[in-house]
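Here's the structure, in structure tokens; my notes come after.
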Amino acid sequence: MNDTPPDFTPILTLIRDAQGRALQRVNRELIDLYWQIGAYLHARIQADGWGRGTVRQLADWLAQEHPQARGFSASNLWRMGQFYDTYRGNPKLATVLRELGWSHHMTIIGRAQSEQEREFYLQAATQGHWTHRELLRQLDGGLYQRTLTNPAQLSPALHQQHPTAPPLFRDSYLLDFLNLPPAHSEHDLRRGLVTHLKHFLMELGPDFTFVAEEYRVQVGTQDFFIDLLLYHRGLQALVAFELKITHFTPAMLGQLDFYLEALDRDHRKPHENPSIGVLLCRSADEQVVEYALARSASPALVARYLTALPDKALLQAKLNEFYTLEEGMKDDE
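Sequential numbering from 1116 applies to the sequence shown in our numbering.
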């Protein structure tokens, strides 16, 4: 007789998956409804001059005719009109819009400063399956401004061996969830990332999965340990993270190159692509990084980690400079 208790977890997984799909369907239907109401309101505003007063009358009428309905206050009805008006000229976003919740949309519309910024956060929140709290965190952290003004610096080998990689990596990663003190060790940083692995993977972006902490590679008679080893499903490649709590120096890349060679020779599976290295430093000089990566034969990049929210005013100033420079280049063409 088998004394092993039966495994019921697959049933629980099926239930949770079904509930998740049902919630997604409900959300899509709700967003479709809000879109249609917004379209109707937009048409009436344009044709009949409806204003906030008329919308308040509509809200009162709905409350009387359908008291069980929720979410149809005058303010929310007006927001539906804003929602439609904001995106009606951009049909390519139709699918993405239905994947996010109403609170996500209201936050993006209320805080994004341009069409490009709205689309950036719509795509990022959808691909990363961000909660509303995570969306707020990324807005507070100026992810759009940081991504646009400081794109990730990648080695030529990374561009050549992984052509789709550039948009998947960032110049800086916001690790405010670690609550690290100003003076911390590499051990503190590594343990914090493992302890808060869910937040770290969310910060990295979609398709990253965790493999190991202090991953051992043996070369000759010596053992070496990679701080963090991850895998990217889309790139089908191991991603080695080497952590440095100091300012970047070119010599650091030599250690990373060595680890990538060991991974590719002894650990990479036949179907996997060349391993990628990420040197995550406390700070870095952009020009020094550019020079150091220019002749690197490894698919690698250098990124910075931020322990606190950046100065949003400074980020916006840099973004304005970027836009000004971009307009100047267009005028010269």
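For each residue, glycine too, the CB sits at the ideal point set by N, CA and C.
> In terms of DSSP beta bridges, what is E1357 paired with?
Replying inline: Bridge partners of E1357: L1394.
>> Are the CB atoms of A1399 and R1450 within a distance shorter than 7 Å?
In response: This structure cannot settle anything about residue 1450, because the visible part of the chain is limited to 1116 through 1448.
> Within the chosen definition, does the stretch 1383-1400 reach the stretch 1237-1253 through at least 3 CB pairs nearer than 8 Å?
Replying inline: These segments do not touch.
> Would DSSP call Q1238 helix, strand or coil?
Replying inline: Reduced to three states, the DSSP call for Q1238 is helix.
> Near L1251, what residues of its chain come up, given a Cβ to Cβ distance below 8 Å and the 5 sequence neighbours on each side ignored?
Replying inline: Same-chain partners within the cutoff: T1222.
> Which residues in the same chain have their Cβ closer than 6 Å to the Cβ of F1340, if we skip the five residues on either side of it in sequence?
Replying inline: Setting aside the 5 residues that flank it on each side, F1340 is surrounded in the same chain by E1329, R1331, each with a C-beta closer than 6 Å to its C-beta; the list follows chain order.
>> Please identify the residue among T1201, D1132, T1264 whose C-alpha is closest to the C-alpha of E1234.
In response: Measuring from the Cα of E1234, the nearest candidate turns out to be T1201.
>> According to DSSP, is A1227 part of a helix, a strand, or is it coil?
In response: The answer is coil: DSSP assigns A1227 none of H, G, I, E or B.
> When the distance is taken between beta carbons, is T1262 closer than 7 Å to L1434?
Replying inline: Between L1434 and T1262, the C-beta gap is not smaller than 7 Å, which leaves the two residues out of contact.
> When you compare each of G1166, A1327, G1164, S1188 to L1353 by their alpha carbons, which one comes out closest?
Replying inline: With distances taken between Cα atoms, L1353 lies closest to A1327.
> What number of angstroms, rounded off, separates the C-alpha of K1207 from the C-alpha of A1154?
Replying inline: When rounded, the distance between both Cα atoms is 17 Å.
> Do you know whose CA, among L1215, H1219, Y1288, lies nearest P1425's CA?
Replying inline: Considering only alpha carbons, the answer is Y1288.
> Hey, F1356 and V1393: beta-carbon distance below 7 Å or not?
Replying inline: Taking the C-beta atoms as reference points, V1393 is found nearer than 7 Å to F1356.
> Any heavy atom of the ligand ATP within a distance shorter than 6 Å of the CB on T1246?
Replying inline: For the ligand ATP, the structure offers nothing, since it holds no ligand at all.
> Any idea what DSSP makes of D1379, helix, strand or coil?
Replying inline: Three-state DSSP puts D1379 in a helix.
>> Considering only the alpha carbon of each residue, which of F1323, I1126, Q1275 lies closest to L1344?
In response: Minimum Cα distance to L1344 is reached at F1323.
> Do you know whose CA, among N1205, L1308, V1211, Q1402, lies nearest Q1139's CA?
Replying inline: Residue V1211 is the option with its Cα nearest to Q1139.
> How many Å lie between H1347 and F1284 at the Cα?
Replying inline: Straight through space, the alpha carbons of F1284 and H1347 are spaced by roughly 11 Å.
>> Please tell me whether S1411 and S1188 are closer than 7 Å, where the distance is taken between their beta carbons.
In response: No, they are not a contact pair.
>> Can you tell me whether S1190 is buried or exposed? The criterion is at least 16 other CB atoms within 10 Å of its CB, across all chains shown.
In response: Label assigned to S1190: exposed.
> How many angstroms separate the CA atom of P1121 from the CA atom of L1416?
Replying inline: Taking C-alpha positions only, P1121 is separated from L1416 by approximately 48 Å.
>> Which of the three DSSP states is assigned to D1342 in this structure?
In response: In the structure shown, D1342 falls within a strand segment according to DSSP collapsed to helix, strand and coil.
>> In the DSSP output, what is L1269 paired with across the bridge?
In response: Beta-bridge annotation (DSSP): L1269 is paired with L1416.
> Start and end of the alpha helix (DSSP H) containing L1145?
Replying inline: Unbroken alpha helix (DSSP H) run through L1145: 1124-1163.
>> I'd like the ranges of any beta strand (DSSP E) spanning at least 3 consecutive residues and lying wholly in the stretch 1272-1324.
In response: You should have 1287-1289.
> L1421 bridges to which residues according to DSSP?
Replying inline: In the DSSP assignment, the residues bridged to L1421 are L1289.
> Is L1273 closer than 7 Å to A1280 when the C-beta atoms are compared?
Replying inline: In this structure, L1273 lies closer than 7 Å to A1280 by Cβ.
>> Below 8 Å on the Cβ atoms is my contact criterion, and I expect S1413 with L1371 to pass it. Report the Cβ-Cβ distance as a whole number of Å.
In response: Sure, about 7 Å apart at Cβ, within 8 Å.
>> By alpha-carbon positions, which one of G1164, L1368, Q1228, W1150 ends up nearest to Y1438?
In response: If we check each option's Cα against that of Y1438, Q1228 comes out closest.
>> Let's test the definition: count the other Cβ atoms within 10 Å of the Cβ of V1141 and tell me whether it reaches 16, buried, or not, exposed.
In response: For V1141, the number of other beta carbons within 10 angstroms of its own is below 16, and it is reported as exposed.
> For L1331, does the three-state DSSP call read helix, strand or coil?
Replying inline: Residue 1331 is actually Arg in this sequence, not Leu. In the structure shown, R1331 sits in a strand (DSSP, three-state: E or B).
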